[in-house]
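Student: The structure is given below, and queries will be raised subsequently.
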Amino acid sequence: MKRRRAPRGSGDRLRDEILDATTALLLETGSAKAVSIRAVAQRVGVTPPSIYLHFADKDALLDAVCARYFDKLDEEMQAVSEQPSTVEGLRAQGLAYVRFALRNPQLYRIATMGESRPGSDVDVALDSSAFVHLRHTVEQLMAEDVYPAGDSTAVALELLTAAHGVASMLIAKPHLPWGDVEDFADRVLTAVCLGQITRGAIDRDAPGGPDRHPTERTTRCRARSITRSSRGCGP
């Protein structure tokens, strides 16, 4: 059915409707190739030229859908970032990433495993939202001397890579014997978070390392702070 002419100033609303329709088609078909400008226009109730007023082409439209996806991912990660300790907050963000991906597997595939194009806004959207907050949390851990000082971008990429690896494997190979997927994701991300604490302790104890280093108990307590909700540091 043909849509009535929109009142002046309603362009932003139409843009959102176009993105909603594109997202719905992606979820229904599970494929970016199955989505066309014509199909989106029909879903919204406008003509194809109306789509081009907001998006230069199909690639630009898909990029906008992916960018909005990453914005929503970032919101969910930030919603769980406040935890009893900073390292628990980092792990919680990683788990939120995996949960979000599993709830939206079709969009996740397109946003993270689709064809990369020069000039695409998708990577910019990720770098300026979820990733920048992961890096900020890593910087906090370095400032607290929980993580060894170093390249916060590289460490944040390690966690992002681990979260992406878990999410993509759970989506691509759901029939492997994962057991409880939440527990599996938690174990992997905990290992990655603990790895930096352990590396810092090893570096401090190495010949030529700083004189100031944590005792074995301190290192153990720092590591266990990730699972403080279920275990204490103990003797």
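No gaps in the numbering here: position 18 of the sequence shown is 37 in the numbering used here, and each next residue is one more. From the three backbone atoms N, C-alpha and C, an ideal C-beta is built for every residue, glycine too. Quick caveat: nothing in here was measured; it's all calculated off a predicted structure.
How many angstroms separate the CA atom of isoleucine 37 from the CA atom of isoleucine 216?
Tutor: Locating residue 37 in the sequence shown gives position 18, counting from the first residue. Locating residue 216 in the sequence shown gives position 197, counting from the first residue. The straight-line gap from Cα to Cα measures roughly 46 Å.
Student: Find out if the Cβ-Cβ distance for the pair leucine 109, cysteine 212 is shorter than 8 Å.
Tutor: By 1-based counting over the sequence shown, the position of residue 109 is 90. By 1-based counting over the sequence shown, the position of residue 212 is 193. A contact, by the Cβ cut-off of 8 Å.
Student: Within the chosen definition, does the region 94–102 reach the region 47–60 through at least 3 CB pairs nearer than 8 Å?
Tutor: no
Student: Going by Cα to Cα distance, which pick from Ser55, Asp76, Gly113 is closest to alanine 175?
Tutor: What you label residue 175 is simply residue 156 of the sequence shown in a count that begins at 1. Cα-wise, what sits closest to alanine 175 is Gly113.
Student: Skipping 5 residues on each side, what residues in its chain have a beta carbon closer than 8 Å to that of serine 148?
Tutor: As a position in the sequence shown, residue 148 is number 129, starting the count at 1. Contacts found: Phe89, Asp90, Leu92, Asp93.
Student: Which residues in the same chain as arginine 27 place their Cβ atom closer than 8 Å to its Cβ, once the five residues preceding and following it in sequence are excluded?
Tutor: Taking the first residue of the sequence shown as 1, we reach residue 27 at position 8. With a pLDDT of 44 at arginine 27, under the threshold of 50, the modelled position of that residue is not reliable, and the figure given next carries that caveat. Answer for arginine 27: no residue qualifies.
Student: For leucine 72, does the count of other Cβ atoms within 10 angstroms reach 16, so buried, or fall short, so exposed?
Tutor: On the sequence shown, position 53 is the one that residue 72 refers to. With fewer than 16 other Cβ atoms within 10 Å, it is exposed.
Student: Below 7 Å CB to CB, which residues in the same chain sit around leucine 153 once its five sequence neighbours on both sides are set aside?
Tutor: Numbered from 1 along the sequence shown, position 134 holds the residue referred to as residue 153. The residues are Gln112, Ala175, Leu178, Leu179.
Student: Could you say if the region 68–84 and the region 151–169 meet the contact criterion of at least three C-beta pairs nearer than 8 Å?
Tutor: no
Student: From threonine 105 to valine 143, what does the alpha carbon distance come to, in whole angstroms?
Tutor: Here residue 105 refers to the residue found at position 86 when the sequence shown is read from its first residue. Here residue 143 refers to the residue found at position 124 when the sequence shown is read from its first residue. The alpha-carbon of threonine 105 is positioned some 26 Å away from that of valine 143.
Student: According to DSSP, is tyrosine 166 part of a helix, a strand, or is it coil?
Tutor: Here the question's residue 166 lines up with position 147 in the sequence shown. Coil at tyrosine 166, not helix or strand.
Student: Indicate whether valine 141 and alanine 130 have their beta-carbon atoms separated by less than 8 Å.
Tutor: Position 122 of the sequence shown, counted from the start, is the residue given in the question as residue 141. Position 111 of the sequence shown, counted from the start, is the residue given in the question as residue 130. Result yes, Cβ atoms of valine 141 and alanine 130 sit closer than 8 Å.
Student: Tell me the DSSP secondary structure of alanine 53 in three-state form.
Tutor: Mapped onto the sequence shown, residue 53 falls at position 34. Three-state DSSP puts alanine 53 in coil, outside helix and strand.
Student: Where does the unbroken alpha helix (DSSP H) through lysine 91 begin, and where does it stop?
Tutor: If you number the sequence shown from 1, residue 91 lands on position 72. 77–98 is the extent of the alpha helix (DSSP H) around lysine 91.
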